[in-house]
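Novice:
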Amino acid sequence: MAYECTDGGTGAGSAEPGASDSLRTFGAVVQALREHAGLSREEFSGLVRFSKHTVASVEQGRRMPDRDFVERAEEALGNTGALRKAAPHLSRQAGLASWFRQWARLEARAVTLWTYECRVIPGLLQTERYARAVTESVPPVKDEEQVAEQVAARLERQRLFERKPPIAFSFIIEQALVERGTGGPDVTRELLDSLLERSSQFNVELQVMPRYQPDHAGFDGPLMLLESPDNKWFGYAEGQRGGLLISDPKEVSIMLQRYARLRSQALTSDDSRSLLKQLRGAL
């Protein structure tokens, strides 16, 4: 199949998370093991070194447990192995749009990850305040818990930058995205500082597409590409209320060709950093 509606956004925009059977099941097991061990939620939170609120969110299936939580919970609950074995099968991430989750699962194991974005700073590069501004801007209106959950999920994805073995990242963003002023001047300054810091990592290439670029390979919109551990490439494209996981080699080849052209049209990494520094100094 060339295109699959993912059950699973760049995670860049502000999407509504769906229900999660696997997370609820995992959370119920955590709660059952905790209660069997005679631990209150507050006592357990001290042992795993996560807040009582975080423990509650995991037990209620509203939060994806990270690796530290799983390992510490195993130690605190008798090292049964149940949580460690169940964690890899969690297929839904609270706070991420339902259509993005399949891509997020592939993303977590990727060896190469390329992103071109023309609408909003990619979720992997967003600061907390920028992510909040984006989430609050896009209808429908969300309450504080919804905003916090979606922002947390976006920031959690950024743990990919710390993964070992490291992922080779490439980002191409339109200059207009940092000039738009999303969230106001303070948020933009912080965003520019973060982009400059992130682009200094050895495994991150960040390029800016200048405002004036008559020959542009990205007119069909944003795209994402990744290479899996077995060296298979996948593509991803997202619209207003849905996303497409693209696995057909011919279709993925077209996306790879477009991304290669975009890289040649965008500013070099060094020139992109220079531009970001200029924009930062002008604020």
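Following numbering that gives the first Met the number 0, the numbering of the sequence shown begins with 0 at its first residue and continues without gaps. Glycine residues also receive a C-beta, built at the ideal position from the N, C-alpha and C atoms. Nothing here was measured: the structure is a model prediction, and the numbers come from that model.
Tell me whether the beta-carbon of P255 lies closer than 9 Å to the beta-carbon of L112.
Specialist: In the sequence as displayed, the identity of residue 255 is Leu instead of Pro. Contact: no.
Novice: What's the gap between the Cα of K84 and the Cα of G217?
Specialist: Taking the straight line joining both Cα atoms gives about 42 Å.
Novice: How far does the beta strand (DSSP E) with L222 in it extend, from its first residue to its last?
Specialist: Looking at the DSSP string, the run of the beta strand (DSSP E) that includes L222 is L222 to E226.
Novice: Does F49 pass the burial test, meaning 16 or more other C-beta atoms within 10 Å, or should it be called exposed?
Specialist: Buried.
Novice: Taking just the CA atoms, how far does S56 sit from E155?
Specialist: Using only the alpha carbons, I get a separation of about 14 Å.
Novice: Span of the alpha helix (DSSP H) holding M254?
Specialist: It spans P248 to Q264 - the alpha helix (DSSP H) in which M254 sits, taken as one unbroken run.
Novice: Taking C-beta to C-beta, are V177 and L38 nearer than 9 Å?
Specialist: No, Cβ-Cβ distance for V177 and L38 is not below 9 Å.
Novice: Quick one: grab the DSSP three-state call for G182.
Specialist: Coil.
Novice: In whole angstroms, give me the CA-to-CA distance for V146 and G77.
Specialist: For V146 and G77, the distance between alpha carbons rounds to 35 Å.
Novice: Taking the alpha-carbon positions, what's the D67 to G80 distance?
Specialist: Near 14 Å, if we compare the C-alpha coordinates of G80 and D67.
Novice: What are the boundary residues of the beta strand (DSSP E) that F201 is part of?
Specialist: F201 -> no beta strand (DSSP E), and no H or E assigned at all.
Novice: Return the chain-ordered list of same chain residues with a C-beta closer than 7 Å to the C-beta of P228, the five sequence neighbours on each side being excluded.
Specialist: Here the set comprises R108 and V110.
Novice: Quick one: grab the DSSP three-state call for S39.
Specialist: Of the three classes helix, strand and coil, the one that applies to S39 here is coil, per DSSP.
Novice: Would you call the stretch 120-140 and the stretch 238-245 touching, i.e. three or more CB-CB distances under 8 Å?
Specialist: Result no; under three Cβ-Cβ pairs closer than 8 Å.
Novice: Would you call A132 buried or exposed, if buried means 16 or more other Cβ atoms sit within 10 Å of its Cβ?
Specialist: So A132 counts as buried.
Novice: Where does T5 fall in DSSP's three states?
Specialist: Unreliable positioning characterises T5 in this predicted model, as indicated by a pLDDT of 39, which lies under 50. The coordinate reading is nonetheless provided below. DSSP places T5 in coil when its eight states are reduced to three.
Novice: Might you give, ordered along the chain, the residues of its own chain that have their beta carbon closer than 7 Å to the beta carbon of L266, omitting 5 neighbours on each side?
Specialist: These residues qualify, in order along the chain: Q206, V207, P209 and L274.
Novice: Work out the CA separation of K51 and F170 for me, nearest whole Å.
Specialist: Looking at the two C-alpha atoms, the distance is approximately 36 Å.
Novice: Pick helix, strand or coil for S169, following the three-state DSSP scheme.
Specialist: Strand at S169.
Novice: Do F168 and V203 count as a contact pair if the criterion is CB distance below 9 Å?
Specialist: Yes, the Cβ-Cβ distance between V203 and F168 is below 9 Å.
Novice: Are the C-beta of P87 and some C-beta of chain D separated by less than 9 Å?
Specialist: Among the protein chains of the structure shown there is no chain D, as only one such chain exists.
Novice: Quick one: complete alpha helix (DSSP H) runs, 4+ long, within the stretch 59-122?
Specialist: Listed in chain order, they are 66-75, 81-85 and 100-106.
Novice: Starting from Y129, trace the alpha helix (DSSP H) in both directions and tell me its first and last residue.
Specialist: Looking at the DSSP string, the run of the alpha helix (DSSP H) that includes Y129 is E127 to S136.
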